[in-house]
Amino acid sequence: MQEKKQGEKSVNTIKSRLLLSFLSIILVLGISKSVMVYYIVEKDIIERAQKEVKIRLNTVRAVYIRDLDTYRTEFTLISEKDNPDTIKGKLELDYLYIVKPDEHNIRSDIASEALRQNRGLGGIRIISKEELLEMHDGLYDRIKIEVKETEQARPTTLKVLENAMAVEYALPVTERSGKTKYIIYGGRIINNNNGIVDRARNLVFEKEFYNEKPTGTVTIFQDDIRIATNVLDKEGNRAIGTRVSEAVYKKVVEEGNTWVARAFVVTDWYLTAYEPIKDIKGHVIGILYVGILEAPFRDMSRDILFGIITLIALATMIAAIVSYILAESISKPIKALLNATSRFAGGELDYRVKTVTSLEELTQLYEAFNNMAERLEGKRKKLEEGNEKLKELNKSYLDLIGFVAHELKGILASTILNAYTVRDGFLGLINFKQRKALDSITRNLDYLESTVKNFLNLSRIEKGEIKISKIDLLLKEDVFSVSVEAFSKQASEKGMEIIDNINKGIKLKGDADLLAIVANNLVGNAIKYGSKDGKIILTSSIIESKIEINVYNDGIPIKEEDKGKLFKKFSRLESQQKRKVRGTGLGLFVTKDIIEKHGGNIWVEPGENGNSFIFTLERGC
Numbered sequence: 053m054q055e056k057k058q059g060e061k062s063v064n065t066i067k068s069r070l071l072l073s074f075l076s077i078i079l080v081l082g083i084s085k086s087v088m089v090y091y092i093v094e095k096d097i098i099e100r101a102q103k104e105v106k107i108r109l110n111t112v113r114a115v116y117i118r119d120l121d122t123y124r125t126e127f128t129l130i131s132e133k134d135n136p137d138t139i140k141g142k143l144e145l146d147y148l149y150i151v152k153p154d155e156h157n158i159r160s161d162i163a164s165e166a167l168r169q170n171r172g173l174g175g176i177r178i179i180s181k182e183e184l185l186e187m188h189d190g191l192y193d194r195i196k197i198e199v200k201e202t203e204q205a206r207p208t209t210l211k212v213l214e215n216a217m218a219v220e221y222a223l224p225v226t227e228r229s230g231k232t233k234y235i236i237y238g239g240r241i242i243n244n245n246n247g248i249v250d251r252a253r254n255l256v257f258e259k260e261f262y263n264e265k266p267t268g269t270v271t272i273f274q275d276d277i278r279i280a281t282n283v284l285d286k287e288g289n290r291a292i293g294t295r296v297s298e299a300v301y302k303k304v305v306e307e308g309n310t311w312v313a314r315a316f317v318v319t320d321w322y323l324t325a326y327e328p329i330k331d332i333k334g335h336v337i338g339i340l341y342v343g344i345l346e347a348p349f350r351d352m353s354r355d356i357l358f359g360i361i362t363l364i365a366l367a368t369m370i371a372a373i374v375s376y377i378l379a380e381s382i383s384k385p386i387k388a389l390l391n392a393t394s395r396f397a398g399g400e401l402d403y404r405v406k407t408v409t410s411l412e413e414l415t416q417l418y419e420a421f422n423n424m425a426e427r428l429e430g431k432r433k434k435l436e437e438g439n440e441k442l443k444e445l446n447k448s449y450l451d452l453i454g455f456v457a458h459e460l461k462g463i464l465a466s467t468i469l470n471a472y473t474v475r476d477g478f479l480g481l482i483n484f485k486q487r488k489a490l491d492s493i494t495r496n497l498d499y500l501e502s503t504v505k506n507f508l509n510l511s512r513i514e515k516g517e518i519k520i521s522k523i524d525l526l527l528k529e530d531v532f533s534v535s536v537e538a539f540s541k542q543a544s545e546k547g548m549e550i551i552d553n554i555n556k557g558i559k560l561k562g563d564a565d566l567l568a569i570v571a572n573n574l575v576g577n578a579i580k581y582g583s584k585d586g587k588i589i590l591t592s593s594i595i596e597s598k599i600e601i602n603v604y605n606d607g608i609p610i611k612e613e614d615k616g617k618l619f620k621k622f623s624r625l626e627s628q629q630k631r632k633v634r635g636t637g638l639g640l641f642v643t644k645d646i647i648e649k650h651g652g653n654i655w656v657e658p659g660e661n662g663n664s665f666i667f668t669l670e671r672g673c
């Protein structure tokens, strides 16, 4: 029984379920490998087809070479007395000449070279229009080809092909003495002679068709123009007069190399082989082409792909079912735990997980969650009790601060007035030492007054007693001019100059008393932390519906990492402490609160030699 329970535990773990998922992944990987095999098979099919094309190109070449062998055999039996027309008809030649060697009307390069070498020669040559017209009536009109435009064809300005390509053989006939009696040469014109390419195609491809199109095609090009072909155009006619592509022309005609590759031929893609046709002098004058229709191979690949897709679909279906079962068994309890967490975070602290699961790890997780919830519930109650005590303590603290600050404010105001009255000699002359002592007293009293004001403002902020009472104000005249005047003496004592460049007449709606605090804090802060003998510059600008005020002072630039600390309560920067400048760290906190209550923003921008405190207010009408 114990062994059975242990077995159940081993099965009902996330690890075991994941193992099943891995089996599904292996299945997917197997399918991926099958797809890879498909591409390898497809590549192999194409490579085999290309090899086959090269073999069949060699076979086609042998067809017209065989015709030359036939001419050689027959020409040895011809005599000078034989009728050329009879011989021409017997060999199905388009022309035949029996010429004495001293005659000067040999136009054929093949015949001239055969005479020079005193042996039979065969090959391909180009016959000019003039020579064609001299042969016999109707021959020129039969071989003339209209040049046609097709997709991917090489550009040309030629409209009509008027010369012709011919398969020709020449044989010098000699006497016993070795002297040449005469030379016989003749040939068959290839232009519009589709019997040559059809005979070659039928021999090589055995009249195979695919979707009513010939599987194999053979073409002879004169330069880049099809002059004999069984490639069909869009209308189903022989594509005579169409041209080869620029890429093939450059490779075969211009460079004299063989092309074996996939190519678009008139209307379809073929696996092709192109080789140059050269004359007796080695010049490329045309192209011999053999092509196998690509469609059968693509359809074969498509069938393979369809089979693989079917396999993938089946495997995916199986994997989906398995994955669904696994996901459901794992996700359902996890969702229950997530729901519990969400409800707990939403404030339902008494909610507990009750879903039952067979997964050991999740069961342990449920128990841990419920235990955690119990502990947190207990701590929450203690925190609530502590929070109530803190609220009462904070209220007492704020009330005390407000009371003390309020009481001290009046006393300090009277004391400061009396101190300044004595220091400035209004109650009688004082000596140097007395004045120096009184200077120290007044500075300390000013600091105490500022501190009391800041704490009083803090108390008001914390208790939510600061209320905005907006009236129509002038930024310069009603707000900053008063502060500039109030701090002018303090600034001059440090050798500082206050430059008020705020534009006159800028209107705004705001609380005069509160904005006075803002102005006093920023100007006073600039004097307190500014450089001795430095400048304080006040500027303003209007940006759409906002007023932007800049309070700049020469001094040590604030570090980037300290910018976020400036406007926090009781915040004091390290550089300020080193300079032993006294402050509560409340002035900028209060300033920020007042500006934000007016719908504005405040920030600091350190410069090379000082700092700019910039804030925005809404513009008045």
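For the sequence shown, the numbering used here begins at 53 and goes up steadily by one.
Ideal Cβ positions, reconstructed from N, Cα and C, are used throughout, including at glycine.
{"Item": "Under 7 Å, do Lys559 and Gly672 count as touching if we go by C-beta distance?", "Value": "yes"}
{"Item": "Smallest Cα separation from Asn577: which of Gly557, Asn555, Phe539?", "Value": "Phe539"}
{"Item": "Taking the alpha helix (DSSP H) that Val270 belongs to, which residues open and close that run?", "Value": "Run containing Val270: none in the alpha helix (DSSP H); it sits in the beta strand (DSSP E), 268 to 274."}
{"Item": "Go through the stretch 91 to 155 residue by residue and report every complete run of the beta strand (DSSP E) that reaches 3 residues or more, in order.", "Value": "147 to 151"}
{"Item": "Using a Cβ-Cβ cut-off of 7 Å (strictly less than) and excluding sequence neighbours within five positions of Asp530, which residues of its own chain qualify?", "Value": "Ala564"}
{"Item": "From Gln628 to Ile520, what distance separates their C-alpha atoms?", "Value": "For Gln628, the predicted structure reports a pLDDT of 48, less than 50, and the residue's modelled location is therefore unreliable. The matter cannot be settled from this model."}
{"Item": "In the DSSP assignment, what residue or residues form a beta bridge with Glu327?", "Value": "Leu340"}
{"Item": "Is Val80 helix, strand or coil by DSSP?", "Value": "helix"}
{"Item": "Select from Glu549, Leu527, Ile179, Glu670 the residue whose C-alpha is nearest the C-alpha of Ile595.", "Value": "Glu670"}
{"Item": "Using DSSP with H/G/I as helix, E/B as strand and the rest coil, what is Val199?", "Value": "coil"}
{"Item": "Check each candidate in Asn215, Glu287, Pro207, Ile610 and name the one with the smallest Cα separation from Asn661.", "Value": "Ile610"}
{"Item": "Does DSSP put Asp351 in a helix, in a strand, or in coil?", "Value": "helix"}
{"Item": "When we look at the beta-carbon of Asn391 and count the other beta-carbons within 10 Å, is it buried (16 or more) or exposed?", "Value": "exposed"}
{"Item": "On the DSSP bridge assignment, give the partners of Ala315 in chain order.", "Value": "Tyr322"}
{"Item": "Counting only the same chain and skipping the five closest in sequence on each side, list residues whose C-beta sits under 7 Å from that of Asp524.", "Value": "Lys559, Lys561, Gly672"}
{"Item": "Could you check how far apart the C-beta atoms of Ala216 and Asn246 are, in whole angstroms? I think they sit under 8 Å.", "Value": "So it is not a contact: roughly 14 Å between Cβ atoms."}
{"Item": "Starting from the C-beta of Lys621, find all residues in its chain whose C-beta is less than 6 Å away, skip the five residues before and the five after it, and write them out in chain order.", "Value": "Phe641"}
{"Item": "For the beta strand (DSSP E) that Arg278 lies in, which residues bound it at each end?", "Value": "277 to 281"}
{"Item": "Is the beta carbon of Val19 less than 7 Å from the beta carbon of Val112?", "Value": "As displayed, the chain neither begins before 53 nor continues past 673, which places residue 19 out of reach and without an answer."}
{"Item": "Hey, Ala252 and Val336: beta-carbon distance below 7 Å or not?", "Value": "no"}
{"Item": "Which value, in whole angstroms, describes the spacing of the CA atoms of Gly239 and Glu198?", "Value": "23 Å"}
{"Item": "If you follow the alpha helix (DSSP H) that Lys181 is in, where does it begin and where does it stop?", "Value": "181 to 187"}
{"Item": "Using 8 Å as the Cβ pair cut-off and three pairs as the minimum, do the stretch 315 to 322 and the stretch 275 to 291 touch?", "Value": "yes"}
{"Item": "Would you please state the rounded distance, in angstroms, between the beta carbons of Leu527 and Ile599? I believe it to be under 8 Å.", "Value": "6 Å"}
{"Item": "Kindly give me the distance between the Cβ atoms of Leu148 and Pro136, rounded to whole angstroms, as I take these residues to be in contact under 8 Å.", "Value": "5 Å"}
{"Item": "DSSP state of Met424, grouped into three classes?", "Value": "helix"}
{"Item": "Considering only C-alpha positions, which residue in the set Gln416, Arg100, Ile179 is nearest to Ala218?", "Value": "Ile179"}
{"Item": "Name the residue from Leu566, Val212, Thr668, Tyr123 whose alpha carbon lies nearest to the alpha carbon of Gly141.", "Value": "Tyr123"}
{"Item": "Which one of Lys200, Gln169, Ile92, Asp146 has the shortest CA to CA distance from His188?", "Value": "Asp146"}
{"Item": "Quick one: any contact between the stretch 295 to 312 and the stretch 229 to 237, if contact means 3 or more CB pairs under 8 Å?", "Value": "no"}
{"Item": "Taking only the alpha-carbon atoms, compute the straight-line gap between Val296 and Ile139 and give it to the nearest angstrom.", "Value": "36 Å"}
{"Item": "Tell me where the beta strand (DSSP E) around Phe532 begins and ends.", "Value": "Looking at the DSSP string, Phe532 is not in any beta strand (DSSP E), and its letter there is neither H nor E."}
{"Item": "Note the first and the last residue of the continuous beta strand (DSSP E) segment covering Ala216.", "Value": "216 to 226"}
{"Item": "Please report how far the alpha carbon of Leu167 lies from the alpha carbon of Asp154, in whole angstroms.", "Value": "11 Å"}
{"Item": "Nearest by alpha-carbon distance to Tyr221: which of Phe127, Asn157, Asn483 is it?", "Value": "Phe127"}
{"Item": "Helix, strand or coil, according to DSSP, for Asn577 in the structure here?", "Value": "helix"}
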